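For the sequence shown, numbering that gives the first Met the number 0 assigns the number 0 to the initial residue and increments by one for each residue that follows. Here's the structure, in structure tokens; my notes come after.
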Amino acid sequence: MKILKMLGKTILILLLCIIIAAAGFFAFMTLAQGESKEFSEETYQVARDDKIKVILDCDNTLGSFWEVDDGLVLSYVLNKPEADLLGITTTFGNRTYDHKYTVRMLKKAGRTDIPLFKGEQASDDGITDAARFLAETVAKYPGEVTIIAAGPVGNLEAASQADPEFFNNVGQIIVMGGYMEDLSLGSRDVPELNLSADYLASHAMINSGARVTVMTGQACMDAPFYFRDFPKLGNFPLYWKFQCVFWTVLNKAGTGNDYFVMWDMLPAVYAFHPEFFEDNFIYVSSTAGDLQRGMLRLSEDNSGVLVNIPPGIDDLDAFYRDVFVNLNRQGK
Ligand SMILES: [Ca+2]
């Protein structure tokens, strides 16, 4: 037994060494690349009145050697000239709740001027600072605020407890989550992790009467980020880029794929460029039980509520160009 245990430990250490060595190798290959001129030359100003008022609600873990897509979205929104970023709220979701990674990213980006609020740490957490901020901000600009929801949506439901007019006041909610059917990534089945994580809040949001756009797991499969894409991030901060490389290596080890999926980037890009997508309003009649499994049930008799569920990205070239240009504005 002892020998078996030791053997197991040795294999685990060896595996970890291989992962770290591979991450180091790819990081070296990536970081050795020069400036990415192709995606760094566009600069332009947007008049304040023409900007889109957004709040990013996310479960960012960039910095923890885990999921990086929320972090990429945060950087994208910080650097998008069209964004009037009113604030950021955080929620539990990816792995465990960790507000600190978003605090660190804002510090590193020199953007501590952006209001940042802690939200739900588990489902049904009551009215948090994030919920109060969401409610007060959309009440200040009724019909104008877009919420990019990149994690479980409990903060939004809590905001409606803080102010029953919250869902009437919000301009639109664009959420990443929900499956039309089961989803596999390479060799692995992947459970739905956003709508299901706080399914009662998801049910309340979908049935709230607010304009809701859902970027499903199936739609997000249109946005892989491959190893070969790293040179396009020539101007992106090295530590963040290293986290992305590591995440790609973990995906390779876990699924066999040479990419990770930029799940949350779809709602973020849609907020500014709905023309890159094809709107698709469908009646949805998901029960709380459906949403507990992350499933969106399409109504067969036009009962239920109209939800916009784009099938994917229509203009992939424009999507990727927009993502890389804005991430490269972050600078080292
Ligand atoms: Ca997320």
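No residue lacks a Cβ here, since even glycine has one placed at the ideal position from N, Cα and C. In this text, all values refer to a predicted model and were calculated from it rather than measured experimentally.
Checklist line | Boundaries of the alpha helix (DSSP H) in which P266 is found, first to last residue | finding: Within the sequence shown, the letter at position 267 stands for residue 266. 264 to 271 is the span of the alpha helix (DSSP H), which, as asked, contains P266.
Next item on the list: Name the two residues that bound the continuous beta strand (DSSP E) containing D83.
Entry: For the purposes of this step, residue 83 is taken as the residue at position 84 of the sequence shown. 82 to 89 is the extent of the beta strand (DSSP E) around D83.
Next item on the list: Take S302 and list the residues in its own chain whose beta-carbon comes closer than 7 Å to its own, dropping the five residues that flank it on each side.
Entry: Your numbering for residue 302 matches position 303 in the sequence shown. Excluding positions up to five away in sequence, the list reads Y282, S284.
Notebook entry, point to check: Hey, is the segment 125 to 140 in contact with the segment 251 to 264, meaning 3+ C-beta pairs nearer than 8 Å?
Noted result: no
Next item on the list: Quickly, what does DSSP pair K117 with across the bridge? List them, please.
Entry: Position 118 of the sequence shown, counted from the start, is the residue given in the question as residue 117. In the DSSP output, where bridge partners are listed per residue, K117 has T89.
Next item on the list: Flag A157 as yes when its Cβ comes closer than 7 Å to any non-hydrogen atom of ligand 1, and as no otherwise.
Entry: On the sequence shown, position 158 is the one that residue 157 refers to. The answer is no for A157.
Check: T42 to Y75, Cα distance in whole Å?
Finding: The sequence position of residue 42 within the sequence shown is 43, counting from 1. The sequence position of residue 75 within the sequence shown is 76, counting from 1. So the two alpha carbons sit approximately 14 Å from each other.
Notebook entry, point to check: Among the residues of its own chain, which have a CB less than 6 Å from the CB of S159, if the five just before and after it don't count?
Noted result: Residue 159 sits at position 160 when you count from the first residue of the sequence shown. If we look at S159 and ignore the five residues flanking it on each side, its Cβ neighbours are F165, F166.
Notebook entry, point to check: Are the CB atoms of A161 and R131 nearer to each other than 8 Å?
Noted result: Counted from its first residue, the sequence shown places residue 161 at position 162. Counted from its first residue, the sequence shown places residue 131 at position 132. Yes, the Cβ-Cβ distance between A161 and R131 is below 8 Å.
Notebook entry, point to check: Touch check for the segment 291 to 311 and the segment 186 to 203: three-plus C-beta pairs under 8 Å?
Noted result: yes
Next item on the list: Give the range of the alpha helix (DSSP H) segment to which L105 is assigned.
Entry: Residue mapping note: residue 105 aligns to position 106 of the sequence shown, counting from 1. Start and end: 99 to 107.
Notebook entry, point to check: Which partner residues of Q171 appear in the DSSP bridge assignment?
Noted result: What you label residue 171 is simply residue 172 of the sequence shown in a count that begins at 1. In the DSSP output, where bridge partners are listed per residue, Q171 has T145.
Checklist line | Ranges of the alpha helix (DSSP H) found wholly within the segment 222 to 287, counting only runs of at least 4 | finding: 237 to 254, 264 to 271
Margin query: Buried or exposed, going by whether 16 or more other CB atoms sit within 10 Å of the CB of V45?
Written below: In the sequence shown, the residue the question calls residue 45 occupies position 46. By the 10 Å Cβ count, V45 comes out exposed.
Check: Regarding N154 and ligand 1, is the C-beta to nearest heavy atom distance less than 7 Å?
Finding: For this step, residue 154 is matched to residue 155 along the sequence shown. No - ligand 1 has no heavy atom lying nearer than 7 Å to the Cβ of N154.
Check: Pairing CB atoms from the segment 313 to 329 with CB atoms from the segment 262 to 274, are three or more of them under 8 Å?
Finding: As far as the Cβ criterion goes, the segment 313 to 329 touches the segment 262 to 274, which means the pair count is three or higher.
Next item on the list: Return yes when at least one heavy atom of ligand 1 lies under 7 Å from the C-beta of G150, else no.
Entry: As a position in the sequence shown, residue 150 is number 151, starting the count at 1. Yes - ligand 1 has a heavy atom lying nearer than 7 Å to the Cβ of G150.
Check: Does the beta carbon of N93 fall short of 7 Å from some heavy atom of ligand 1?
Finding: Residue numbering aside, residue 93 sits at position 94 when the sequence shown is read from its first letter. N93: yes, Cβ under 7 Å from ligand 1.
Check: By Cβ distance below 7 Å, which residues in the same chain neighbour V152 in space, the five residues on each side in sequence not counted?
Finding: By 1-based counting over the sequence shown, the position of residue 152 is 153. Result list for V152: V174, D197, A200, S201, M204, in chain order.
Checklist line | Opposing strand residues paired with M297 [DSSP bridges] | finding: In the sequence shown, residue 297 corresponds to position 298, counting from 1. Residue identity check: residue 297 is Leu in the sequence provided, not Met. In the DSSP output, where bridge partners are listed per residue, L297 has V283.
Notebook entry, point to check: Using a threshold of 7 Å, is the CB atom of C57 nearer than that to any non-hydrogen atom of ligand 1?
Noted result: As a position in the sequence shown, residue 57 is number 58, starting the count at 1. Flag set: Cβ of C57 near ligand 1.
Item checked: Selected residue, minimal CA-CA separation from E143, among Q120, D83, V72, M264 -> Counting from one through the sequence shown, the residue named residue 143 turns up at place 144. The candidate whose alpha carbon is nearest that of E143 is D83.
Check: From which residue to which residue does the alpha helix (DSSP H) around V76 run?
Finding: Taking the first residue of the sequence shown as 1, we reach residue 76 at position 77. Counting along the chain, the alpha helix (DSSP H) containing V76 begins and ends at 68 to 78.
Check: What are the partner residues of I54, as DSSP defines its beta bridges?
Finding: On the sequence shown, position 55 is the one that residue 54 refers to. Beta-bridge pairing links I54 to G86, I146.
Margin query: Would M264 and L71 be called neighbours here (beta carbons separated by less than 8 Å)?
Written below: The residue you call residue 264 lines up with position 265 of the sequence shown. The residue you call residue 71 lines up with position 72 of the sequence shown. In this structure, L71 lies closer than 8 Å to M264 by Cβ.
Notebook entry, point to check: Looking at the unbroken beta strand (DSSP E) that takes in N327, where does it start and where does it end?
Noted result: The count along the sequence shown starts at 1 and reaches residue 327 at position 328. Judged by DSSP secondary structure, N327 falls outside any beta strand (DSSP E) and instead within the alpha helix (DSSP H) spanning 315 to 327.
Item checked: Spatially closest choice to I172 from L55, T111, R320, F64, by CA coordinates -> Numbered from its first residue, the sequence shown carries residue 172 at position 173. Answer by Cα proximity: L55.
Notebook entry, point to check: What are the start and end residues of the alpha helix (DSSP H) that includes D128?
Noted result: Along the sequence shown, one-based indexing puts residue 128 at 129. Counting along the chain, the alpha helix (DSSP H) containing D128 begins and ends at 128 to 139.
Check: For R47, does the three-state DSSP call read helix, strand or coil?
Finding: To locate residue 47, count along the sequence shown from 1; it is residue 48. Here R47 sits in helix by DSSP.
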